[in-house]
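Below is one structure; the comments refer to it alone.
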């Protein structure tokens, strides 16, 4: 069942946490691929100095000022796309960044697009998952609450979630310490900060039980 818009019209921190365990579905003329959301980050608009909309409305963030449940896609490092979903009331520019997925179908397509057979590496980061699912900026503004090329389906909420600091936002002194990153504890597909050696670094997390 496709997740309805009402799910995304709630408090963005709630949406970011409760997206864990649900699925992203991507359809192309080459087939369908999908993954379970295992890591998200919340960005709270004009009150969050790490958010693209912190300084107000611009052409880049125009979709954030519309209805919830729409795709906000942007480029980082000049080469990697990142997928966000608009959330909260219409006119409030808040989004949830999808940071990592657990691939569950369309793995051969994902491997081809990512040029790797390492399943754990297919979607363990925002740029990786966009590459694996062939999500580009042509999908900017796509309605993710409708049966189209990119949408979300209900999955199985995890019994436990964790909250920690968002990754790579040291430039945002007002909000860089906020625990607005959400993960499924112990899931091997979650991304992690890298040491210069390339090894994964343990991520300290605050764990909470879901009231299911």
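Numbering (the working numbering), first residue to last: 15 to 226.
Beta carbons are placed, not taken as given, at the ideal position from N, Cα and C, and that holds for glycine.
Keep in mind it's a predicted model, so treat the numbers as computed, not measured.
Residues near residue i in its chain [Cβ-Cβ closer than 7 angstroms; skip 5 each side]
i, result
"residue 54", "30, 33, 34, 110, 111, 112, 113, 196"
"residue 188", "63"
"residue 79", "71, 105, 107"
"residue 191", "179"
"residue 172", "34, 35, 198, 224"
"residue 161", "16"
"residue 168", "15, 17, 36"
"residue 60", "67, 68, 70, 107"
"residue 57", "64, 65, 108, 109, 111"
For residue i, three-class secondary structure by DSSP
i, result
"residue 49", "strand"
"residue 175", "strand"
"residue 56", "strand"
"residue 94", "strand"
"residue 187", "coil"
"residue 152", "helix"
"residue 39", "strand"
"residue 146", "helix"
"residue 116", "strand"
"residue 203", "coil"
Distance between beta carbons of residue j and residue i, contact taken as under 8 angstroms
i, j, result
"residue 104", "residue 85", "Actually they do not touch by this definition, with Cβ atoms about 16 angstroms apart."
"residue 151", "residue 87", "5 angstroms"
"residue 115", "residue 38", "6 angstroms"
"residue 24", "residue 159", "The Cβ separation is near 13 angstroms, so there is no contact."
"residue 77", "residue 155", "5 angstroms"
Sequence-distant residues of its chain with Cβ nearer than 6 angstroms to residue i (five each side left out)
i, result
"residue 145", "127, 128"
"residue 141", "94"
"residue 136", "117, 124, 128, 146"
"residue 186", "63, 64"
"residue 240", "Nothing about residue 240 can be reported from this structure: the residues present for the chain run from 15 to 226 only."
Own chain partners of residue i with C-beta closer than 8 angstroms, once the 5 adjacent residues on each side are dropped
i, result
"residue 40", "46, 47, 48, 120, 147, 148, 149, 163, 164"
"residue 181", "55, 113, 195, 205, 207"
"residue 193", "177, 178, 179, 220"
"residue 226", "Model confidence at residue 226 stands at a pLDDT of 25, short of 50, so the residue's coordinates are unreliable and nothing is read from them."
Among the options, nearest to residue i - alpha-carbon criterion
i, options, result
"residue 122", "21, 202, 22, 44", "44"
Chain B contact for residue i (CB, 8 angstroms cutoff)
i, result
"residue 202", "This model lacks chain B altogether, as it is built from one protein chain only."
Inset, instruction - State whether the stretch 64 to 81 contacts the stretch 28 to 37, with contact taken as three or more CB pairs (one from each stretch) at a distance under 8 angstroms. - result: The stretch 64 to 81, when compared against the stretch 28 to 37, does not touch it at the 8 angstroms Cβ threshold.
Inset, instruction - Decide if the stretch 125 to 134 is in contact with the stretch 85 to 96; the criterion is three or more beta carbon pairs, one per stretch, under 8 angstroms apart. - result: no
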